[in-house]
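Each protein sequence line maps, in turn, to chains A and B.
Position 261 of the first sequence, counted from 1, bears residue number 1005 in my numbering, the numbering being contiguous throughout.
Position 224 of the second sequence, counted from 1, bears residue number 968 in my numbering, the numbering being contiguous throughout.
There are 2 protein chains.
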Amino acid sequence: MGNGRVLISCQEFNPRRWHQLLSRSRTVVLEPDGARDPSVEYAVVWKHRPGALSKLPNLKIIFSVGAGVDHIFADPDLPDVPIVRVVADNLTQYMTEYVVWRVLDHHRQGMAYRAQQARRTWHEPPQPPADAIHVGIMGFGTLGRAAAKALLALGFKVNGWSRSPRSAEGVNTFHGADGLDAFLGATDILVSLLPLTPATRGIIDYALLGKLNRDNALGGAFLINAGRGRLQKSADIVRALDDGLIKEASLDVFETEPLPKTSPLWAHPKVFVTPHAAATSDPVHLVPPMLAQMDAFERGETLRNLVDREAGY
Amino acid sequence: MGNGRVLISCQEFNPRRWHQLLSRSRTVVLEPDGARDPSVEYAVVWKHRPGALSKLPNLKIIFSVGAGVDHIFADPDLPDVPIVRVVADNLTQYMTEYVVWRVLDHHRQGMAYRAQQARRTWHEPPQPPADAIHVGIMGFGTLGRAAAKALLALGFKVNGWSRSPRSAEGVNTFHGADGLDAFLGATDILVSLLPLTPATRGIIDYALLGKLNRDNALGGAFLINAGRGRLQKSADIVRALDDGLIKEASLDVFETEPLPKTSPLWAHPKVFVTPHAAATSDPVHLVPPMLAQMDAFERGETLRNLVDREAGY
């Protein structure tokens, strides 16, 4: 059992299971007392209250529950300690499942077949094989590369776009603002796995969707957003669907979550909605590697999955 | 250009594109005159009229359009010449796409999410990862093994069942009537890719569906039939769904096709219907290897993808 105490600080999130699992190896404290506890060396956070970490003199590491860390940088009083992104193999597996599922449902025309079934219509539309379709993945880190590998194994052509140059076997990679238009123009099905930063906020807008390749064997372009809700402008997505810039969309994330009942996305016939469920952050899988990182840190080992403060992810 | 003429004999099927593509290399004839043409050495068939091939004295090979050949054995006057199953790499790719798509849609609870969306409900049900789920593939030939490989790559556990013993890396294989119950009991999502033979007709019935493992992380068992329609008893599937033996079904094939408007499958909320479209038999991909087999045969080479008359597939 390590000595450093763990503070859990979160909003819009029930910490019960995290508390239970972390408590097996560490003393866990909560707000408000825990927020002033000098024995706290680790903070496990999800959308913590700004300033909530500013009165911990011995804080060593902040752990972010979930792959996205934009919620952490929303705090102007964020202490200057390392931030570790909690990523289990399991999270990558969930995200890969989600991406392949949504790509296949668009590629194999699931929406059209469900509409036909409702009308009792027996009709087989032309179906291109996977290797006639280019899936473009925006955000080409651990999650993007794993999804690319699974899509390549099914025969899809895969493009990848990232801020800085990256390469992956069998993937046609693009990078930076200069590479974006070429990436979009070569992409039939766009998959967003981008982190949310000042540079990516609202990037999925009407203009971007208009640059996708819709002159393809599926007769249109498609959007899948499993990154962050504020990457997209929902009103632009609805307009792009209605104007035919894109044919269908699968959205797992939204500007406001839960998605308000009044959102036109719920009832749009060409939109598939899931409740930020693409890659669940199951504590059963995430707590053990988090505890292992605390132990390793206390042995003087190097931290893994560190967040780059300057890049914001 | 080879000398042997090609007869196309089919029902429920428009041979126009096949005729066009075969004609680039061979003289193609049709019924009724072609059915008595002594220059015909090859027959390309799909549900041909019984007896339609019996007056071709120089017939050398029968080619079956599509992987299933039960339609050929329905002819009591079938000439005793080799039967070649036309299988393109492409057909395997299409079937793998279909199987992975349907497995993921059941695994990731697509039906539940679509129902929630219609009610504007934001709710994330528990989601097991792929490696908590066992997919069982009945019919473990070329198509079954390719689907197994793709499912393994996504993390699913895979069981395979076939008439005679077969093995595949990473797959738990079962065989024969003696192995069937153990296979079903270890399977959460059943995928049927069986050929239709006297031994498999009607095999997917109420008793079989009741043997699947429904005490699993998805809270029920699932059926995917992409083999042949007469493998299943539709009334039993509906009863198994309504009694909770299985939770959902994806059906691409039916006892009668097109599926009659009166079938209860169309409107069943737990059934997904596609119109025998899992693996399209696109002549653009199938004609070139068929022509290559004719040329190879005339050079004295061995035929590939031969049907075993005794086994019936």
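All C-beta atoms, glycine included, are put in the ideal place defined by N, C-alpha and C.
On a predicted model such as this, the values are computed, not experimentally measured, just so you know.
- Relative to residue 762 of chain A, the option among A/839, A/807, A/853 whose CA is nearest is A/807.
- Residue range 920 to 929 is occupied by the alpha helix (DSSP H) that includes residue 920 of chain B.
- Residue 1028 of chain A counts as exposed, since fewer than 16 other C-beta atoms from the protein chains shown sit within 10 angstroms of its C-beta.
- Under the DSSP assignment, residue 1010 of chain B falls outside any beta strand (DSSP E); it carries neither an H nor an E label.
- For the 8 Å CB-CB criterion, residue 889 of chain B and residue 939 of chain B do not form a contact.
- Contact annotation, residue 919 of chain A with residue 908 of chain A: C-beta distance approximately 6 Å; criterion of less than 8 Å satisfied.
- Unbroken beta strand (DSSP E) stretches of 3 residues or longer found wholly inside the region 937 to 980 of chain A: 966 to 969, given in chain order.
- Rounded to whole angstroms, the separation of the alpha carbons of residue 1056 of chain A and residue 827 of chain A is 11 Å.
- Excluding sequence positions up to five before and after residue 748 of chain A, its CB lies within less than 6 Å of the CB of 785, 786, all in the same chain and listed in chain order.
- Cβ neighbours of residue 844 of chain B within its own chain (closer than 6 Å, five residues either side excluded): 894.
- A direct Cα-to-Cα measurement between residue 989 of chain A and residue 1013 of chain A gives close to 15 Å.
- The contact set of residue 867 of chain B on chain A, defined by CB atoms closer than 7 Å, consists of 1019 in chain order.
- The distance from the Cβ of residue 970 of chain B to that of residue 996 of chain B is about 5 Å, consistent with a contact at the 8 Å cut-off.
- Within 10 angstroms of the beta-carbon of residue 959 of chain A lie fewer than 16 other beta-carbons, which makes it exposed.
- Residue 1024 of chain B belongs to the set of residues whose beta carbon lies under 8 Å from a beta carbon in chain A.
- Considering only beta carbons, the part of the region 889 to 914 of chain A lying closer than 9 Å to chain B consists of 893, 894, 897, 898, 899, in chain order.
- Distance between residue 906 of chain B and residue 884 of chain B, taken at the CA atoms: about 5 Å.
- Fewer than three Cβ pairs drawn from the region 859 to 879 of chain A and the region 817 to 825 of chain A lie within less than 8 Å of each other, which leaves the two stretches out of contact.
- In summary, the residues of the region 853 to 864 of chain B whose CB is separated from some CB of chain A by less than 7 Å are 857, 861, 864, in the order they occur in the chain.
- Beta-bridge analysis with DSSP links residue 786 of chain B to B/750, B/805.
- In this chain, the alpha helix (DSSP H) harbouring residue 763 of chain B covers 760 to 766.
- Residue pairing by DSSP puts residue 917 of chain A in a beta bridge opposite A/904.
- Bridge pairing for residue 933 of chain A: A/879, A/966 [DSSP].
- CA-to-CA, the gap between residue 818 of chain B and residue 794 of chain B works out to about 7 Å.
- Secondary structure note for residue 816 of chain B: its alpha helix (DSSP H) is the uninterrupted segment 814 to 817.
- Partner residues in the beta bridge of residue 1050 of chain B, as assigned by DSSP, are B/828.
- A distance below 8 Å separates the beta carbons of residue 1037 of chain A and residue 1047 of chain A.
- Just so you know, the alpha carbons of residue 865 of chain A and residue 994 of chain B end up roughly 16 Å apart.
- Within the model, the alpha-carbon separation for residue 868 of chain B versus residue 985 of chain B is close to 23 Å.
- Under the DSSP assignment, residue 868 of chain A falls outside any alpha helix (DSSP H); it carries neither an H nor an E label.
- For residue 774 of chain B, the uninterrupted beta strand (DSSP E) segment begins and ends at 772 to 774.
- Within chain B, no C-beta atom comes nearer than 7 Å to that of residue 970 of chain A; the closest sits roughly 12 Å away.
- In this structure, the beta-carbon distance from residue 999 of chain B to residue 983 of chain B does not fall below 8 Å.
- Residue pairing by DSSP puts residue 992 of chain B in a beta bridge opposite B/966.
- In the assembly as shown, residue 853 of chain A is a buried residue. Its beta-carbon has 16 or more other beta-carbons within 10 Å.
- Between residue 855 of chain A and residue 1054 of chain A, the CB-CB gap reaches or exceeds 8 Å.
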